[in-house]
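For reference, the structure discussed in these notes is given below.
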Amino acid sequence: MLDVVIPPRAKFATQIREDLLEALRKTAKMEGRLVQSLVEEAVQSLLEKRQTGGSPLDRMRPHVRQAYLESLEQYAPLYKALAETPPR
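Heads up: the sequence shown begins at 1 in my numbering, then just goes up one per residue.
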(Lines of atoms letter the chains of each structure in order from A; the text may use other names.)
(Lines give C-alpha, C1' and ligand atoms only; values in the text may rest on other atoms or scores of the structure.)
Protein backbone atom coordinates (compact mmCIF):
# COMPACT_ATOMS: atom_id res chain seq x y z
CA MET A 1 0.00 0.00 0.00
CA LEU A 2 1.28 3.46 -0.86
CA ASP A 3 1.61 6.09 1.82
CA VAL A 4 0.10 9.30 0.52
CA VAL A 5 1.17 12.48 2.27
CA ILE A 6 -1.39 15.24 2.06
CA PRO A 7 0.04 18.69 2.76
CA PRO A 8 -1.69 20.60 5.55
CA ARG A 9 -4.39 23.04 4.50
CA ALA A 10 -4.74 26.65 5.65
CA LYS A 11 -7.98 28.59 5.79
CA PHE A 12 -8.21 32.03 4.22
CA ALA A 13 -10.93 34.40 3.15
CA THR A 14 -11.15 36.43 -0.02
CA GLN A 15 -13.71 37.98 -2.33
CA ILE A 16 -14.57 37.11 -5.91
CA ARG A 17 -17.05 38.37 -8.47
CA GLU A 18 -20.47 36.76 -8.02
CA ASP A 19 -20.58 35.45 -11.59
CA LEU A 20 -17.21 33.74 -11.18
CA LEU A 21 -18.24 32.16 -7.91
CA GLU A 22 -21.46 30.85 -9.43
CA ALA A 23 -19.55 29.40 -12.40
CA LEU A 24 -17.04 27.85 -10.00
CA ARG A 25 -19.81 26.24 -7.95
CA LYS A 26 -21.52 24.88 -11.08
CA THR A 27 -18.25 23.45 -12.36
CA ALA A 28 -17.52 21.81 -9.01
CA LYS A 29 -20.98 20.25 -8.97
CA MET A 30 -20.71 19.02 -12.58
CA GLU A 31 -17.32 17.46 -11.88
CA GLY A 32 -18.29 16.06 -8.48
CA ARG A 33 -15.55 18.02 -6.77
CA LEU A 34 -15.25 20.50 -3.94
CA VAL A 35 -14.92 24.20 -4.72
CA GLN A 36 -11.73 24.27 -2.66
CA SER A 37 -10.11 21.66 -4.92
CA LEU A 38 -10.88 23.77 -8.02
CA VAL A 39 -9.53 26.90 -6.34
CA GLU A 40 -6.36 25.05 -5.32
CA GLU A 41 -5.92 23.70 -8.85
CA ALA A 42 -6.40 27.17 -10.36
CA VAL A 43 -3.95 28.81 -7.96
CA GLN A 44 -1.35 26.11 -8.53
CA SER A 45 -1.74 26.46 -12.30
CA LEU A 46 -1.42 30.24 -12.12
CA LEU A 47 1.71 30.07 -9.99
CA GLU A 48 3.35 27.49 -12.24
CA LYS A 49 2.53 29.58 -15.30
CA ARG A 50 3.98 32.71 -13.74
CA GLN A 51 7.15 30.98 -12.52
CA THR A 52 7.96 29.03 -15.67
CA GLY A 53 6.02 30.50 -18.52
CA GLY A 54 7.51 32.24 -21.49
CA SER A 55 8.11 35.92 -21.96
CA PRO A 56 6.80 38.71 -19.76
CA LEU A 57 4.29 39.48 -22.53
CA ASP A 58 2.81 36.00 -22.08
CA ARG A 59 2.27 36.68 -18.39
CA MET A 60 0.50 40.03 -18.86
CA ARG A 61 -3.23 40.32 -18.57
CA PRO A 62 -4.71 40.74 -22.06
CA HIS A 63 -5.80 44.36 -21.68
CA VAL A 64 -2.41 45.36 -20.24
CA ARG A 65 -0.58 43.58 -23.06
CA GLN A 66 -2.79 45.34 -25.65
CA ALA A 67 -2.11 48.78 -24.14
CA TYR A 68 1.62 48.03 -23.99
CA LEU A 69 1.77 46.90 -27.63
CA GLU A 70 -0.22 49.96 -28.77
CA SER A 71 2.17 52.19 -26.83
CA LEU A 72 5.16 50.54 -28.49
CA GLU A 73 3.66 51.11 -31.91
CA GLN A 74 2.69 54.72 -31.24
CA TYR A 75 5.84 55.84 -29.43
CA ALA A 76 8.55 53.61 -30.97
CA PRO A 77 10.76 56.53 -32.15
CA LEU A 78 10.59 58.19 -28.73
CA TYR A 79 11.44 54.95 -26.91
CA LYS A 80 14.38 54.37 -29.25
CA ALA A 81 15.70 57.92 -28.68
CA LEU A 82 15.34 57.54 -24.92
CA ALA A 83 17.15 54.20 -24.98
CA GLU A 84 20.04 55.71 -26.94
CA THR A 85 20.35 58.85 -24.77
CA PRO A 86 23.23 58.49 -22.31
CA PRO A 87 22.39 59.05 -18.64
CA ARG A 88 23.32 62.41 -17.14
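Glycine included, each C-beta is placed from N, C-alpha and C at the ideal position.
All values derive from a computational prediction rather than experimental measurement.
Would you mind reading off the limits of the alpha helix (DSSP H) that contains Val90? For residue 90 there is no data in the structure shown, the boundaries of the chain being 1 and 88.
Do the CB positions of Ala28 and Leu38 come within less than 7 Å of each other? Here residue 28 refers to the residue found at position 28 of the sequence shown. Here residue 38 refers to the residue found at position 38 of the sequence shown. Yes, Cβ-Cβ distance for Ala28 and Leu38 is below 7 Å.
Are the CB atoms of Val35 and Leu46 within a distance shorter than 7 Å? Translated into positions along the sequence shown, residue 46 becomes position 46. Translated into positions along the sequence shown, residue 35 becomes position 35. In this structure, Val35 does not lie closer than 7 Å to Leu46 by Cβ.
Give the DSSP-derived three-state secondary structure of Pro56 in the structure shown. Position 56 of the sequence shown, counted from the first residue, corresponds to residue 56. Here Pro56 sits in helix by DSSP.
In three-state DSSP terms, what is Leu34? Translated into the one-based positions of the sequence shown, residue 34 becomes position 34. Leu34: coil per DSSP, three-state reduction.
When the distance is taken between beta carbons, is Leu57 closer than 7 Å to Arg65? Numbered from 1 along the sequence shown, position 65 holds the residue referred to as residue 65. Numbered from 1 along the sequence shown, position 57 holds the residue referred to as residue 57. Result yes, Cβ atoms of Arg65 and Leu57 sit closer than 7 Å.
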